[in-house]
Amino acid sequence: MKILIATQKPFAAAAVAGIKEILSKAGHEVALLEKYAGEDELKAAVADAQALIVRSDKVTATVLDAAPGLKIVVRAGAGFDNVDLAAATAHGVVVMNTPGQNSNAVAELAIAMMIYMARTQFTPATGSEIQGKTLGIQAFGNVGRLVGAKAEALGMKVKAIDPFLPAEKIIEGGAEPAKDLADLYSSCDYVSIHIPATPETIGSIGYELVSGMPKGATLVNTARKEVIDEAGLFRALQERPDLKYITDVAPDNYAAMQEAFGLRVFATPKKMGAQTAEANMNAGLAAARQIVDYFATGNTRFQVNK
Ligand code: NAD
Numbered sequence: 003m004k005i006l007i008a009t010q011k012p013f014a015a016a017a018v019a020g021i022k023e024i025l026s027k028a029g030h031e032v033a034l035l036e037k038y039a040g041e042d043e044l045k046a047a048v049a050d051a052q053a054l055i056v057r058s059d060k061v062t063a064t065v066l067d068a069a070p071g072l073k074i075v076v077r078a079g080a081g082f083d084n085v086d087l088a089a090a091t092a093h094g095v096v097v098m099n100t101p102g103q104n105s106n107a108v109a110e111l112a113i114a115m116m117i118y119m120a121r122t123q124f125t126p127a128t129g130s131e132i133q134g135k136t137l138g139i140q141a142f143g144n145v146g147r148l149v150g151a152k153a154e155a156l157g158m159k160v161k162a163i164d165p166f167l168p169a170e171k172i173i174e175g176g177a178e179p180a181k182d183l184a185d186l187y188s189s190c191d192y193v194s195i196h197i198p199a200t201p202e203t204i205g206s207i208g209y210e211l212v213s214g215m216p217k218g219a220t221l222v223n224t225a226r227k228e229v230i231d232e233a234g235l236f237r238a239l240q241e242r243p244d245l246k247y248i249t250d251v252a253p254d255n256y257a258a259m260q261e262a263f264g265l266r267v268f269a270t271p272k273k274m275g276a277q278t279a280e281a282n283m284n285a286g287l288a289a290a291r292q293i294v295d296y297f298a299t300g301n302t303r304f305q306v307n308k
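Counting from 3, one number per residue, gives the positions in the sequence shown under our numbering.
This is how it looks when you write it as structure tokens:
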């Protein structure tokens, strides 16, 4: 089979070498397309491929149309909102993610972001400590649970909510269950967002929730920019000069936010949550193994368009 690795933002070189080794040993042919300019290049490269490994690259209906022999797409990472699942299903293409493989990298970033804001973006202004503060975790999945464990080790009190997890599972994971989302936001000094971007979650965090946060609170977003109602967040930050926002995914109105709120807001220049050598390696190798297994045994354990 021909497997295409298509990454506008490439994997670390060691991860590429590891992926190639796994696929070649299983008898597959590997093609690499890195830092490509746009969809046309991707369409040309995927035309004769049977499998595709991507990172945040967009796999649209047009890309799928251009790949008649494609059987499987693996998104090396957790979120799969960059793949058109309905189009993939219509084309008979299996889509998988690699859950858990980059969670630690994202969790470490979320903790770093809390400290960065607590210490006023590493300026000499008097900051605060995260020890003794309450952290609310919105969605207690792979990343959320790790953030909770790390925060607890740093002396924070941890609360969490997840609509798909019963309270016992949240307690088992070491956090106190919040009554509802409004309770989480109104009772926590920090709220860290770990929900996926779905039709239900897009634009779901805005004025109501943010303006209900306690004095001096900080909202941390390492999930997706789409889950924020940017106008609502802007209004809340405008009305409450004590609130702060830090995000791994720059909002569309970031320039206006910087101008209005200065050191109270920060966005990473490029999405970097999963950008560690370890996460690249873990997610890349998992993607390669899942493809080998799929062609060898038909294993669809990590399929997300079932
Ligand atoms: P996960 O699938 O392990 O956990 C997601 C959690 O969200 C689950 O516990 C699930 O029950 C919950 N959930 C699902 N639908 C929901 C809904 N409609 N409302 C509320 N909660 C819902 O995923 P993860 O590995 O913890 O990653 C979480 C998100 O973080 C990903 O979806 C992705 O968008 C984002 N992410 C960002 C980066 C980055 O580079 N910044 C890297 C990895 C993941």
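Each residue gets a CB set at the ideal place from its N, CA and C atoms; glycine is no exception.
Since this is a predicted model, take the numbers as computed values, not measurements.
Count the other CB atoms within 10 Å of the CB of residue i; is the residue buried (16 or more) or exposed (fewer)?
i, result
"G40", "exposed"
"I173", "exposed"
"G286", "buried"
"A184", "exposed"
"K272", "exposed"
"L265", "exposed"
"N128", "The sequence shown places Thr at residue 128, not Asn. So T128 counts as exposed."
"S26", "exposed"
"R57", "buried"
"R77", "buried"
"K11", "exposed"
"A53", "buried"
"R303", "exposed"
"F166", "exposed"
"G134", "exposed"
"A63", "exposed"
"D59", "buried"
"A19", "exposed"
"G94", "exposed"
Just the Cα atoms here: how many angstroms apart are residue i and residue j?
i, j, result
"F124", "Y118", "6 Å"
"N223", "A252", "10 Å"
"R226", "A298", "34 Å"
"P198", "G81", "6 Å"
"E228", "D83", "10 Å"
"A17", "G218", "41 Å"
"I230", "M215", "15 Å"
"E261", "Q292", "46 Å"
"E241", "G205", "20 Å"
"A276", "A107", "5 Å"
"A15", "D244", "43 Å"
"P126", "E232", "29 Å"
"E202", "V267", "26 Å"
"D182", "L44", "43 Å"
"N144", "I74", "24 Å"
"M259", "A90", "37 Å"
Which residues bound the beta strand (DSSP E) around residue i?
i, result
"S189", "Looking at the DSSP string, S189 is not in any beta strand (DSSP E); the run it does join, the alpha helix (DSSP H), is 183-189."
"A288", "Careful: A288 lies outside any beta strand (DSSP E), inside the alpha helix (DSSP H) at 279-299."
"A269", "267-269"
Do the CB positions of residue i and residue j come within less than 8 Å of each other?
i, j, result
"H30", "I55", "no"
"A180", "K159", "no"
"A153", "I207", "no"
"G71", "A51", "yes"
"A120", "S130", "yes"
"L211", "Y187", "yes"
"A47", "A8", "yes"
"V65", "N307", "no"
"R237", "Y256", "no"
"N282", "F13", "yes"
"A288", "Q103", "yes"
"C190", "G146", "no"
"A68", "A49", "yes"
From what residue to what residue does the alpha helix (DSSP H) around residue i run?
i, result
"T64", "63-67"
"G71", "From DSSP, G71 is part of no alpha helix (DSSP H); its letter is neither H nor E."
"V240", "The sequence given here has Gln at residue 240, not Val. Residues 232-241."
"A169", "169-174"
"I24", "15-27"
"N144", "144-155"
"N104", "Segment: none, N104 is in no alpha helix (DSSP H) and carries neither H nor E."
"F263", "256-263"
"A47", "41-48"
Could you tell me which residues DSSP puts in a beta bridge with residue i?
i, result
"A8", "L35, V56"
"M98", "V76, Q305"
"L137", "V160, Y192"
"L223", "Looking at the sequence shown, residue 223 is not Leu but Asn. Bridge partners of N223: I195, T249."
"V85", "V61"
"E210", "Bridge partners of E210: none, in fact."
So is the beta-carbon of residue i under 7 Å away from any non-hydrogen atom of ligand 3?
i, result
"R226", "Judged by which ligands are present, ligand 3 is missing from the structure shown, whose ligands are ligand 1."
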